[in-house]
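> Have a look at this one before I ask anything.
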Amino acid sequence: MDLLQGTLDLLVLKTLQAGPTHGWDIAQRIQQVSRDVLRVGQGSLYPALHRLEAQGWIISEWGASDNNRRAKFYRLTAAGRKQLAAETESWQRFTGAVELILKTN
Amino acid sequence: MLTGLRVRLRALFRKAEVERELDEELRFHLEKETEQNLARGMSPEEARRAALVSFGGVERVKEESRDVRGFRLFEELWQDLRFGARMLLKKPGFTSVAVLTLALGIGANTAIFSLVNEVLLKMLSVRQPEQLVLLDWRTGGQFIFGSMSGSITQEPETGLRVGSSFSYPAFEQFRSRTQTLSDVFAFAPLSQLNVSVGGQAEVASGQLVSGGFYPGLGVQPAVGRVLTPDDDRDSADPVAVLSYHYWRSRFGLDPDVVGKTISVNGVPLTIVGVTPAQFYGGLEVGSSPDLSLPVAAGPRLNPGATGRSEAKEAWNWWVQVLGRLKPGVSAEAVRAELEGGFQQSALEGWQALPPARRPPDYGPRELPELRVSSGSRGLAYLREDYEHPLRIMLIVVGLVLLIACANIANLLLTRAAARRQEIAVRLALGASRLRLIRQLLTESVLLAVLGAALGWLLAWWAKDLLLMWRPSGRGQLQAHLEMDWRVFGFTAAVALLTGILFGLAPALSATRVELTPVLKENSRGARGSLSRFGKSLVVAQVAVSLLLLVGAGLFIRTLHNLQSVELGFNPENLLLFRVDPRPKGYKGEEVNRLYEQMVERFEAVPGVRSATLSEYALLTSSGRRGPAYVEGRAPLSRAENNVYQQRARWNYFDVMQIPLLAGRSFTPQDDGRAPKVAVINQTMARKFFGEESPVGRRFGFKQDKGGEIEVVGVVRDAKYEGPRDEPPSVAYIPYPQESLGQATFALRTAGDLGQVVEAVRGAVREVDKDLPVFSVKTQVELADEALGRERLFAWLTGVFGLLALLLASIGLYGVMSYAVAERTHEIGLRMALGASQGQILRQVIGQGTFLTIIGIVIGLAAALALTRFITSYLFGVSAMDPPTFLAIGALLAVIALVACYLPARRAAKVDPMTALRYE
């Protein structure tokens, strides 16, 4: 299923809430947690990561991955946490509103 | 947000590192993906391929990541610049032609602008110059002063006469009464000073300044100190301040100069300091008085207008006055405050005028009005001399730059046609048109910047040539043209503007491409014949170069006319120089005896055939002029009655070779004891005596003494003020009968000039070792100097006109060659169908000629409309001189024909079979 415009940022921020990790892992987790419903096109993942970084919501640092290879780890910043809270809230209001409409006959 | 900025800046400045990290990050992702695929049981190759497929284009991801980081504009600009530089390097021929063309255009503009900057724009280098105001006055009536030294000009808007100088009491009154000005100070130029330093005598220029002059201007000394109010007291020790220029040329920047004593007109003065280099020493832009002395020292060394007893009289107007506005005060408030006092002082001076000085029509006078204007750029007189000629020069160089732009635009157009394929491919691959235009413009601006850089160097070199220009014949402009930030800004702006000007149209037309036909390389499809834009460029170039060439033609004819004008005397082998013994204290008869002694010695110098002297040199626009009256005749009108009095030695006409037409010449017996006599020129004879013979008649220079002087002879008219003027009325007076204010010796020479000059200096030293010989010039040099402006105009318009012609013919040739190349197929077809070589030749030439004729017609019309603005600079030729117009038109037509003939012949030589197979 294709992601709705603008939701990728939210998903990335949410995934990073669990702790710092690298790009490949973020894509994997989104896929697993959504039970294969949401697949992040890798082509849009990295631009999104760099965009979030440029906005100051996440920062990156180089670290060692599982089998000791160099990988770039992303971590939420304080501003990112606030942004995540704000986006989560507005997403819930949005889906709640859509739900209300769908429930009417 | 701060981390965000850091990320962006890092992306901009550590580009390579950021790119490497991006690569590594994506590679890591691919490897993880591949591992996962392997774990699912794929073969290694399959695993990697699948990973790549699911990832999508690596480069696209990179590109998008870069976008996100911002600063894309800068990155693209950098890319464009590098790409542009590569494109320019690939076509060295095109690039060097374009850069050179631009360098000439921009260099000429920069050099002229540096002069404009210096003369018209630059403010005086003093503290807060915008607060300075210049005081002067204007009147529509008769003058109310007894004597004045300074300048009188006409106010352009009103026609009222404007005078520059005030009496010393008026200045003191301004200074004591004003509440609106924080400082009031005065200065006055001094005539030539005899300066003797360490036993060597020479002539220097100088000015008197009031004690408040330097403090008021806020000028700090470069060495020592400047003059203060304490120096400007009658009891003070006489001191002087040097200009930087004089300090350098005369004292070699010696810092120990302070405290030295020099002798000025025989008076010892102590040097107390030097003014800084940026401050020219005086207030007139372009002139630089060598020495500045306090006003109080004036009477001691200057017996003239500032003489002891008359310097402080209210009828003697000789100081120029500047003031510094208090904050928030307007110039108008100053005028309102000071005008009453000024008029009162003027009236008192008029009433106190000694009877001997009263003019014949002495009576009540209209009072002059005070004027208060911005003094921030120094005095305006020099500016007025330069302003109009400079404007003409700016227009000329501007036109040259326009032609240069048109030419490069044309070159770019043809090149854009050659690059159409490349551009079509890039458009097809998804480049936006705006992006392509931006890239093409970057290329043309890069070209313009290269041209400007070279032009800057050219201007640097050419500006010293410009300084030798003397537009008013007043002597060389003393200024150093600085290539300051203003000139740099001008050049940069010109470069940017020209880059966009010549780049925009070609870029627009290059990117307006129909993709399919071009990509299919169907040459007949997208390529038309000449674009309308290219054609109009050629027409404009022809028109503008015609305009410049007509101007050049008119100026060259003017120069030629002036050089071959009949001067009325023989200027060849005539050496002129001045000696002034008066500042050394020689008086009355002593002076005359000294002059006679010198003439005798000069005549004995080997290589000197004869020697004489007169008060003024000819062709220097200087002299003693006033109304003359004839006994028993009604006075002539004011416009007619002015006569130059040339006081000269008895052998003057022989040495100058001015032929005597009637009566007798002077003899040595016409001395101070003999009756007063004069020899007059033809013009004066005609104006004052009409058809009657003037010999034996009498005239005078005062209305009540019309019988004072007897006319003993008439000589032929000789040019007096300069080569371009009608000879004025001149009365020659034997010099022992009237004392000379100054003396110019004239030697008719036959030998080596250098040796003669050395011998002359030796002869003067033998008479008095402290007398300097100065203003050594030949009469031919003087005549040439008087033609400085004409020569410069002729030279510049000539050079630039030829340059324009060259550019225009290159442009025409290029356009026609391109048209022929484009139509090779069509021409081949025509020839296959039976057209003769002659027909093809005629057709191609016809097309080029058509464009040329349109250009010539437009150019002629523009020239007819514009040349009248230069009428006042022409001589002996009308601003619409038909031969010049016809000759230039014909010249352009011939050159255009040649420029078209070469491509036309190539067209006519086309082999029909090759041309048809060419598809």
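Protein sequence lines, in the order shown, are assigned to chains A and S. Take the position in the first sequence, starting the count at 1, then add 1460; the result is the number in the working numbering. Take the position in the second sequence, starting the count at 1, then add 7; the result is the number in the working numbering. The beta carbon of each residue, even a glycine, is placed where N, CA and C say it ideally should be.
1. Should G845/S go down as buried or exposed, given a rule of 16 or more other Cβ atoms within 10 Å for buried?
2. Helix, strand or coil for A914/S per DSSP?
3. Taking the straight line between their C-alpha atoms, what separation do you get for H252/S and G280/S?
4. Going along the chain, which residues of its own chain have a beta-carbon closer than 7 Å to the beta-carbon of N648/S, five neighbours each way excluded?
5. Applying the criterion that 16 or more other CB atoms from any shown protein chain within 10 Å of the CB defines a buried residue, is N1528/A buried or exposed?
6. The alpha helix (DSSP H) with D1469/A in it runs from where to where?
7. Which residues in the same chain have their Cβ closer than 7 Å to the Cβ of V494/S, if we skip the five residues on either side of it in sequence?
8. Under a Cβ-count criterion, where at least 16 other Cβ atoms within 10 Å of its own Cβ denotes burial, should T277/S be classed as buried or exposed?
9. I'd like the span of the beta strand (DSSP E) that includes Q327/S, first residue to last.
10. Let's test the definition: count the other Cβ atoms within 10 Å of the Cβ of Y602/S and tell me whether it reaches 16, buried, or not, exposed.
11. For a quick check, are the C-beta atoms of A801/S and F562/S less than 8 Å apart?
12. Suppose contacts are defined by Cβ-Cβ distances below 8 Å. Is A211/S in contact with L109/S by that definition?
13. If the cut is a Cβ gap below 8 Å, which residues of chain A does L33/S touch?
14. Tell me the rounded alpha-carbon separation between A911/S and L406/S.
15. Check whether the Cβ of K22/S lies closer than 8 Å to any Cβ atom in chain A.
16. Let me confirm a value: E797/S is counted as buried when at least 16 other C-beta atoms fall within 10 Å, else exposed. Which label applies?
17. Between which two residues does the beta strand (DSSP E) holding G213/S run?
18. With distances taken between CB atoms, is the gap from P701/S to I687/S smaller than 8 Å?
19. Below 7 Å on C-beta distance, what does K1542/A contact in chain S?
20. Could you say which of V780/S, A646/S, S782/S lies nearest to S736/S if we only look at CA atoms?
21. Pairing CB atoms from the stretch 1481-1491 of chain A with CB atoms from the stretch 1530-1545 of chain A, are three or more of them under 8 Å?
22. At which residues does the beta strand (DSSP E) containing S617/S begin and terminate?
23. Would K39/S count as contacting chain A if we go by Cβ distances under 8 Å?
24. Between the stretch 1464-1476 of chain A and chain S, which residues of the former have CB atoms less than 8 Å from a CB of the latter, in chain order?
25. Using C-beta distances below 8 Å, list every residue in its chain close to N568/S, excluding the 5 sequence neighbours before and after it, in chain order.
26. Distance check for I863/S and L553/S, CA to CA, integer angstroms please.
27. Just to confirm, is the Cβ distance from T187/S to V341/S under 8 Å?
28. My output table needs one value for W144/S: the three-state DSSP class, helix, strand or coil.
29. Against chain S, with Cβ distances strictly below 8 Å, would R1530/A count as a contact?
30. Output yes or no for whether 8 Å exceeds the beta carbon distance between G866/S and V549/S.
31. Which residues does DSSP pair with A1011/S in a beta bridge?
32. Between H36/S and chain A, is any beta-carbon pair separated by less than 8 Å?
33. Closest to G630/S by C-alpha separation, out of Y659/S, L747/S, A886/S, would be which residue?
34. Taking buried to mean at least 16 other C-beta atoms within 10 Å of its own C-beta, is F876/S buried or exposed?
35. So if DSSP puts H395/S in a beta bridge, which residue, or which two residues, is it bridged to?
36. Mapping DSSP to helix, strand and coil, what is S816/S?
On the basis of the coordinates in this document:
1. exposed
2. helix
3. 13 Å
4. P634, A635, P642
5. exposed
6. 1467-1477
7. T117, F120, S121, N124
8. exposed
9. 323-332
10. buried
11. yes
12. no
13. Y1506
14. 30 Å
15. no
16. buried
17. 207-216
18. yes
19. The contacting residues do not exist; K1542/A stays about 12 Å from chain S at best.
20. A646/S
21. yes
22. 615-621
23. yes
24. none
25. F882, G883, V884
26. 7 Å
27. yes
28. strand
29. yes
30. yes
31. What is shown of chain S runs 8 to 926, which leaves residue 1011/S out entirely.
32. yes
33. L747/S
34. exposed
35. DSSP output for H395/S lists no bridge partner at all.
36. helix
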